[in-house]
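> The structure's right below; bear with me while I get my questions together.
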Amino acid sequence: MSKTSEILKSETKPSDMNIGLSDKYRKDTAKTLSDILSSTYRLMITSHIYHWNVVGPLFKPLHELTEAHYNDLFAATDVIAERVRALGHLAPATFSDVSSFSPSKQSVNNTQAGDMVHDLIALHETVVRKIRKTARKAGDAGDMVTEDMLTARLTFHEQALWMLRSVIS
C-alpha cells in the first residue's frame, strides 16, 4: 500500500486528541451541542415555515423578521456542527439523529400570526436555556471556544426574543 493510501485510510479517534479537554468532557459536550443543533434546526425550519405562511396585518414585519432569523439560524447550524467535529465527534447524520429537527405538527398548522410568534418565543427560550447551561459548563472546563460560540448564539436568541415580544406587545 502506498504512503498516500495509508494516510487517506487512517482514522483519527477522539481519544487521539490532546487539546486540554478530557475525552469525557468532549463526548458530553458534543452530545449537548448536538442537542442544541437539533433545537436550532427545528427553530430554523419553523421560522421558515412561518415566513411562508404568515398572513394578516403583521405579514410584512414577521415575513422579514423570520427571514432574517432563519438565515442566521441556518448559518449557526454549520458553526455548531463544526464545533462538534472539532471536539472529535461526528455531527448528527442519521435519520434517527435528525428526526428531532422537524417542527411539531402544531407549529406547521399555526395560521395566526400571534400564535406563530408565541411558538417562536417558546422555541427560542428552549434554545436559550440549553445554551446557557452548556456555556456555563464550557466555562468551568476552560473550553473558551465553545463558551464563546455559545455566547454569540445567546446574543442572537435574546435579541430575537426581544424583537418577537415587541411585535406582539
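Each residue of the sequence shown is one higher than the one before, starting from 1389 at the first, in the numbering used here.
Cβ atoms here follow ideal geometry from the backbone N, Cα and C, with glycine treated the same way.
Note that this is a predicted model, so its numbers are computed, not measured.
1. Measure the CB-CB distance between ARG1414 and LEU1475 and report whether it falls below 8 Å.
2. May I have the straight-line CA-CA distance separating HIS1439 from GLY1408, to the nearest angstrom?
3. Fully enclosed by the segment 1416-1478, which alpha helix (DSSP H) runs are 4 residues long or longer?
4. Does the count of Cβ pairs from the segment 1527-1538 and the segment 1451-1463 closer than 8 Å reach three?
5. Check whether the Cβ atoms of ALA1479 and SER1426 lie closer than 8 Å to each other.
6. Using only the alpha-carbon positions, how far apart do SER1554 and PRO1449 sit?
7. Whose CA, out of ASP1503, ALA1463, ASN1406 and THR1499, lies closest to the CA of ILE1556?
8. DSSP three-state call for GLY1530: helix, strand or coil?
9. Excluding the 5 residues preceding and the 5 following ALA1529 in the sequence, name in chain order all residues of the same chain whose CB lies nearer than 6 Å to its CB.
10. On the CB-based measure, 16 or more other CB atoms within 10 Å of its CB, does ASP1604 come out buried or exposed?
11. HIS1424 and LYS1518 look like a contact to me (Cβ under 8 Å); what is the Cβ gap, rounded to whole Å?
12. Taking only the alpha-carbon atoms, compute the straight-line gap between TYR1616 and LEU1461 and give it to the nearest angstrom.
13. For THR1499, which of helix, strand or coil comes out of DSSP?
14. So what does DSSP say about ILE1407, is it helix, strand or coil?
15. Taking 8 Å as the cut-off, decide whether the C-beta atoms of HIS1512 and ALA1548 are in contact.
16. Report the residue from MET1532, ARG1520, GLU1470 and LYS1525 whose alpha carbon sits nearest the alpha carbon of PHE1544.
17. Since VAL1505 and LEU1552 are thought to touch, with beta carbons under 8 Å apart, how far apart are those beta carbons, to the nearest angstrom?
So, from the data block:
1. To locate residue 1414, count along the sequence shown from 1; it is residue 26. To locate residue 1475, count along the sequence shown from 1; it is residue 87. A contact, by the Cβ cut-off of 8 Å.
2. Here residue 1439 refers to the residue found at position 51 when the sequence shown is read from its first residue. Here residue 1408 refers to the residue found at position 20 when the sequence shown is read from its first residue. Each residue's Cα considered, the two are about 43 Å apart.
3. Runs of the alpha helix (DSSP H) inside the segment 1416-1478: 1447-1474.
4. no
5. As a position in the sequence shown, residue 1479 is number 91, starting the count at 1. As a position in the sequence shown, residue 1426 is number 38, starting the count at 1. Contact: no.
6. Counted from its first residue, the sequence shown places residue 1554 at position 166. Counted from its first residue, the sequence shown places residue 1449 at position 61. Taking the straight line from one Cα to the other gives about 11 Å.
7. Start at 1 with the first residue of the sequence shown, and residue 1556 comes out as number 168. If we check each option's Cα against that of ILE1556, ASP1503 comes out closest.
8. For the purposes of this step, residue 1530 is taken as residue 142 along the sequence shown, with counting starting at 1. Coil.
9. Within the sequence shown, numbered from 1, the residue matching residue 1529 stands at position 141. Answer for ALA1529: TYR1413, listed in chain order.
10. In the structure displayed, the chain extends from 1389 to 1557; residue 1604 sits before or after that span and is not available.
11. Locating residue 1424 in the sequence shown gives position 36, where the first residue counts as 1. Locating residue 1518 in the sequence shown gives position 130, where the first residue counts as 1. For the sequence presented, residue 1424 should be read as Ile rather than His. Confirmed, Cβ separation roughly 5 Å.
12. Here the chain comprises residues numbered 1389 to 1557, so residue 1616 is not present and cannot be evaluated.
13. If you number the sequence shown from 1, residue 1499 lands on position 111. Three-state result, THR1499: coil.
14. On the sequence shown, residue 1407 is found 19 positions in, with the first residue counted as 1. In the structure shown, ILE1407 falls within a coil segment according to DSSP collapsed to helix, strand and coil.
15. Position 124 of the sequence shown holds residue 1512. Position 160 of the sequence shown holds residue 1548. Result yes, Cβ atoms of HIS1512 and ALA1548 sit closer than 8 Å.
16. Along the sequence shown, read from residue 1 onward, the residue named residue 1544 stands at position 156. If we check each option's Cα against that of PHE1544, ARG1520 comes out closest.
17. Start at 1 with the first residue of the sequence shown, and residue 1505 comes out as number 117. Start at 1 with the first residue of the sequence shown, and residue 1552 comes out as number 164. Confirmed, Cβ separation roughly 5 Å.
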